[in-house]
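Chemist: First to last, the sequence lines map onto chains H and E.
UniProt numbering numbers the first residue of the first sequence as 1 and each following residue consecutively.
UniProt numbering numbers the first residue of the second sequence as 1 and each following residue consecutively.
C-beta atoms are modelled at their ideal positions from N, C-alpha and C, and glycine is treated no differently.
For clarity, every value in this text was computed on a predicted model and none was experimentally measured.
Protein chains: 2
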Amino acid sequence: MIELYDKDKIVNILKGYSIRVTPNRLKVAEIILNSEVHPSIDEIHTILTKSGKNISFTSVYNIIKMFQSAGIVKEIKSKDRSRYDANLKPHSHFICKNCGRVFDVDMEITNSNFPTSINGMSVDSLEVTYYGLCSECNNDNKDN
Amino acid sequence: MIELYDKDKIVNILKGYSIRVTPNRLKVAEIILNSEVHPSIDEIHTILTKSGKNISFTSVYNIIKMFQSAGIVKEIKSKDRSRYDANLKPHSHFICKNCGRVFDVDMEITNSNFPTSINGMSVDSLEVTYYGLCSECNNDNKDN
DNA sequence: GTATCTGCAAATGTTTTGCACTCCA
DNA sequence: TGGAGTGCAAAACATTTGCAGATAC
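1. Could you tell me whether any non-hydrogen atom of the ligand PLP is closer than 7 angstroms to the CB of tyrosine 61 of chain E?
2. Would you kindly report the start and end of the unbroken beta strand (DSSP E) that includes isoleucine 93 of chain H?
3. Mind listing the chain E neighbours of tyrosine 130 of chain H? Cutoff is C-beta to C-beta under 9 angstroms, in chain order.
4. Roughly how far, in whole angstroms, is the beta-carbon of lysine 53 of chain E from the beta-carbon of lysine 74 of chain E, given that I think they are within contact range, below 8 angstroms?
5. Would you report the Cα separation of lysine 50 of chain E and tyrosine 131 of chain E, rounded to the nearest angstrom?
6. For a test of the three-state rule: what should DSSP assign to leucine 33 of chain E, helix, strand or coil?
7. Taking contact to mean at least 3 C-beta pairs separated by less than 8 angstroms, is the stretch 9 to 17 of chain E in contact with the stretch 121 to 137 of chain H?
8. Mind checking who residue 145 of chain H pairs with in its DSSP beta bridge?
9. Cα separation between tyrosine 5 of chain H and leucine 88 of chain H?
10. Please confirm whether isoleucine 63 of chain E and arginine 25 of chain E have their CB atoms less than 8 angstroms apart.
11. Give the straight-line distance between the Cα atoms of aspartate 104 of chain E and aspartate 124 of chain H, rounded to the nearest whole angstrom.
12. Under a Cβ-count criterion, where at least 16 other Cβ atoms within 10 Å of its own Cβ denotes burial, should arginine 81 of chain H be classed as buried or exposed?
13. Measuring alpha carbon to alpha carbon, tell me which of H:Asp85, H:Asp42, H:Ile118 and H:Cys99 ends up nearest phenylalanine 94 of chain E.
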């Protein structure tokens with residue numbers, strides 16, 4: 001994992017969203033901002049717990065939902081559970097049908113010129129999602 | 001609701017997928033094939049129950065999952081639950097952030113020229129989803 | 001001190017499974 | 001009579017909430 005955001009940057013990001021900085025929020029922000037495979041709430045909790053950082057599932061939940069409201073992260077509905085994506089530059093997603101992990105894909109369809117209204121429905125965002133097997137699950141398949 | 005598929009057509013569709021025709025399967029297929037707002041399993045069950053057609057939730061579940069395996073319907077992960085779309089011509093979806101209902105949108109991005117491989121991941125489908133408020137929820141908002 | 005933050009434990013709601021019963025070839 | 005179809009009741013999960021105690025400003 002490439003550490004794109006260090007503690008100082010994360011503190012500034014949270015402050016930029018008027019979110020008070022707490023140790024728990026830093027922990028969660030660090031994971032979500034630096035993760036390539038957008039983790040679920042459960043996975044964030046597991047990652048932190050395994051690395052000795054104590055936090056409850058509920059707190060991860062509260063923090064992620066707060067980040068979501070603030071606009072720091074976006075919810076991605078994957079195979080079985082929601083995953084969360086730090087929402088910085090426009091991009092698409094690849095969802096693995098087997099493991100459910102979500103990978104970023106460079107945006108190929110411009111996000112700027114989608115219709116703002118379709119049949120009386122007001123459109124505020126557009127998502128492009130690719131589905132298939134990730135490289136890891138592809139290899140697992142070959143082994144069988 | 002425009003009745004696009006009558007019983008005979010549905011029987012043929014099921015047979016085309018080598019699915020044995022039973023009264024329950026006909027009921028579910030009729031709903032899912034002729035629905036504009038792609039219903040959830042629960043909604044299909046409710047629609048049938050309210051119209052006096054007896055079927056259990058489990059059977060709707062079994063049938064939808066069988067249709068999904070066969071390729072008749074596709075799962076759409078909406079707001080809180082999965083919805084199911086009879087998968088006939090390529091199109092996009094509009095998901096209402098408020099009520100979670102899913103509406104069809106004429107495909108604007110061609111489904112044919114997406115990459116078959118991205119960074120070792122094999123791509124087999126592409127979905128374009130618009131998010132916003134449907135016309136009904138738009139109106140509800142105005143009333144407040 | 002008081003509002004915020006945290007987290008246990010329980011509730012909720014959807015999805016899934018186990019198993020027994022029914023039905024028809 | 002046996003395999004497929006059905007459905008009740010319960011399990012399995014992810015998600016969400018209530019509430020009480022801890023923390024920080």
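Modeler: From the atom records:
1. What this structure holds is no ligand at all, so the ligand PLP is not there to describe.
2. In the first sequence, the residue the question calls residue 93 of chain H occupies position 93. As written in the sequence, residue 93 of chain H is histidine, which differs from the isoleucine given in the question. Run containing histidine 93 of chain H: 91 to 96, per the beta strand (DSSP E) assignment.
3. Position 130 of the first sequence, counted from the first residue, corresponds to residue 130 of chain H. Going along chain E in sequence order, the residues near tyrosine 130 of chain H (Cβ under 9 angstroms) are Phe114, Pro115, Ile118, Met121, Val123, Asp124, Ser125, Leu126 and Glu127.
4. Position 53 of the second sequence, counted from the first residue, corresponds to residue 53 of chain E. Position 74 of the second sequence, counted from the first residue, corresponds to residue 74 of chain E. Their Cβ separation, rounded to whole angstroms, is 24 angstroms, which puts lysine 53 of chain E and lysine 74 of chain E out of contact at 8 angstroms.
5. Stepping through the second sequence from its first residue, residue 50 of chain E is reached at position 50. Stepping through the second sequence from its first residue, residue 131 of chain E is reached at position 131. Approximately 30 angstroms, taken between the alpha carbons.
6. As a position in the second sequence, residue 33 of chain E is number 33, starting the count at 1. The answer is helix: DSSP assigns leucine 33 of chain E an H, G or I state.
7. no
8. Here chain H has residues from 1 to 144 only, and residue 145 of chain H is not among them.
9. Here residue 5 of chain H refers to the residue found at position 5 of the first sequence. Here residue 88 of chain H refers to the residue found at position 88 of the first sequence. Taking C-alpha positions only, tyrosine 5 of chain H is separated from leucine 88 of chain H by approximately 12 angstroms.
10. Here residue 63 of chain E corresponds to residue number 63 of the second sequence, with the count starting at 1. Here residue 25 of chain E corresponds to residue number 25 of the second sequence, with the count starting at 1. Against a cut-off of 8 angstroms, the Cβ pair of arginine 25 of chain E and isoleucine 63 of chain E comes out as a contact.
11. Within the second sequence, residue 104 of chain E is the residue found at index 104, counting from 1. Within the first sequence, residue 124 of chain H is the residue found at index 124, counting from 1. C-alpha of aspartate 104 of chain E to C-alpha of aspartate 124 of chain H: approximately 16 angstroms in a straight line.
12. Residue numbering aside, residue 81 of chain H sits at position 81 when the first sequence is read from its first letter. Looking at its Cβ environment, which holds fewer than 16 other Cβ atoms inside 10 Å, arginine 81 of chain H is exposed.
13. Position 94 of the second sequence holds residue 94 of chain E. Measuring from the Cα of phenylalanine 94 of chain E, the nearest candidate turns out to be H:Ile118.
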